[in-house]
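Okay, so here's the structure we're looking at.
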Amino acid sequence: MNNNTLASAGSNLATSTAGFNRTVVQEKILTGTDANGGDVDGNITWNWFHNWDITNAVAGGAYDFKSTVMHEILHAFGYTSSTGAAGSNTGTVWNTFDKFLTTSTGTRLISVGGVFDTGLNSALTGGPGVFFSGSNAMAANGGNRVAIYSPDPWSDGSSGAHTDDATYANTMMIAATTTGPGARTLTAIEVGILTDLGYTMSAIPEPSTYAAILGTAALGVTIIRRRRRTA
Ligand SMILES: [Zn+2]
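Residue numbers for the sequence shown follow my numbering, beginning at 511 and rising by one.
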């Protein structure tokens with residue numbers, strides 16, 4: 511694992527049909543079907559080289575373990591992408607997430623049948639050039655398409671599979687995080703994306719202590735960021 515990677519996560523596709531497929535974890539949650547029997551449904555790889563704080567009062571020089579756990583688990587839930595750098599998108603089997611990827615003007619990157627439109631390759635590094643156009647995500651974003659992390663050059667494990675870091679700073683599902691307390695609640699946009707992925711989302715009251723921690727966190731943000739996962 512690269513030193514700049516905090517953790518990575520994945521879940522195999524439950525099916526391999528041309529078009530869009532749920533992850534094994536996603537399939538199990540949404541349908542109750544275990545697509546791979548006794549095999550592991552999903553996994554997270556952790557980089558213990560870094561300084562982690564597993565408590566709620568995350569120290570300033572440590573990474574927020576809980577926030578990163580939530581981030582990684584959601585990748586296994588299907589908040590992830592099978593897209594790759596320009597030239598590599600020759601397959602026809604994709605994640606559910608990829609069904610909603612478009613250009614800034616709403617043209618789908620991948621057809622219903624699973625064919626990637628190479629004429630749109632420049633969007634992959636448009637910084638951001640890729641957008642999530644699911645109806646629930648857009649409704650949560652004032653009717654606008656949701657920017658997906660797509661810097662130039664393409665960043666394997668980060669591009670295509672996260673909401674855009676510059677647009678949605680300090681949120682859970684962006685590509686990188688800094689030290690100190692991280693996001694532990696989903697934004698409305700992230701809830702919208704998960705709804706588009708098939709989930710029924712409901713609010714759970716958050717502990718009052720958490721709001722206080724977040725209030726403090728806003729003061730401790732530094733400009734040093736590290737990627738914290740690959741998709
Ligand atoms: Zn990630």
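The beta carbon of each residue, even a glycine, is placed where N, CA and C say it ideally should be.
Straight-line gap, A633 to A569 (C-alpha atoms, nearest Å) | Position 123 of the sequence shown, counting from 1, holds the residue named residue 633. Position 59 of the sequence shown, counting from 1, holds the residue named residue 569. C-alpha separation (whole angstroms): 38 Å.
Between which two residues does the beta strand (DSSP E) harbouring I554 extend?
-> Position 44 of the sequence shown holds residue 554. Counting along the chain, the beta strand (DSSP E) containing I554 begins and ends at N553 to W556.
Run the proximity test for H581: is its beta-carbon closer than 7 Å to any non-hydrogen atom belonging to ligand 1?
-> In the sequence shown, residue 581 corresponds to position 71, counting from 1. For ligand 1, at least one heavy atom lies less than 7 Å from the Cβ of H581.
For M682, I'd like the list of residues in its chain whose CB is within less than 8 Å of its CB, leaving aside the five on either flank, ordered along the chain.
-> Here residue 682 corresponds to residue number 172 of the sequence shown, with the count starting at 1. Only S577, M580, H581, L584, G692, A693, R694, T695, L696, T697 and E700 meet the Cβ criterion.
Using a threshold of 7 Å, is the CB atom of A685 nearer than that to any non-hydrogen atom of ligand 1?
-> Within the sequence shown, residue 685 is the residue found at index 175, counting from 1. Correct: A685 has its Cβ closer than 7 Å to ligand 1.
Tell me whether P663 is buried or exposed, calling it buried when 16 or more other Cβ atoms sit within 10 Å of its Cβ.
-> Here the question's residue 663 lines up with position 153 in the sequence shown. Burial call: exposed.
Between the CA atoms of F575 and E537 - distance to the nearest angstrom = Numbered from 1 along the sequence shown, position 27 holds the residue referred to as residue 537. Numbered from 1 along the sequence shown, position 65 holds the residue referred to as residue 575. Using only the alpha carbons, I get a separation of about 26 Å.
Member of I703, G690, S668 and G637 whose CA lies at the smallest distance from the CA of A676 | Position 166 of the sequence shown, counting from 1, holds the residue named residue 676. Answer by Cα proximity: G637.
With respect to 7 Å, is the separation between the Cβ of H560 and the closest non-hydrogen atom of ligand 1 below this value?
-> Taking the first residue of the sequence shown as 1, we reach residue 560 at position 50. The answer is no for H560.
Mind checking whether V640 and L619 have CB atoms under 8 Å apart?
-> Numbered from 1 along the sequence shown, position 130 holds the residue referred to as residue 640. Numbered from 1 along the sequence shown, position 109 holds the residue referred to as residue 619. Yes, the pair counts as a contact, with Cβ atoms nearer than the cut-off.
Does the beta-carbon of A524 have 16 or more other beta-carbons within 10 angstroms, so that it is buried, or is it exposed?
-> Within the sequence shown, residue 524 is the residue found at index 14, counting from 1. Answer is buried; the Cβ neighbour count reaches 16.
Pick helix, strand or coil for L704, following the three-state DSSP scheme.
-> Here residue 704 is taken as the residue at index 194 of the sequence shown, counted from 1. In this structure, L704 counts as helix in the three-state DSSP scheme.
Is S591 near D563, with beta carbons less than 8 Å apart?
-> The residue labelled residue 591 in the question sits at position 81 within the sequence shown. The residue labelled residue 563 in the question sits at position 53 within the sequence shown. No, they are not a contact pair.
Any idea what DSSP makes of L611, helix, strand or coil?
-> Taking the first residue of the sequence shown as position 1, residue 611 is located at position 101. If DSSP states are grouped into helix, strand and coil, L611 belongs with the strands.
Give the straight-line distance between the Cα atoms of T600 and V625, rounded to the nearest whole angstrom.
-> Translated into the one-based positions of the sequence shown, residue 600 becomes position 90. Translated into the one-based positions of the sequence shown, residue 625 becomes position 115. Distance between the alpha carbons of T600 and V625: 8 Å.
Which value, in whole angstroms, describes the spacing of the CA atoms of A572 and L516?
-> By 1-based counting over the sequence shown, the position of residue 572 is 62. By 1-based counting over the sequence shown, the position of residue 516 is 6. Distance between the alpha carbons of A572 and L516 is about 11 Å.
Give the range of the beta strand (DSSP E) segment to which A657 is assigned.
-> Position 147 of the sequence shown, counted from the first residue, corresponds to residue 657. Start and end: V656 to I658.
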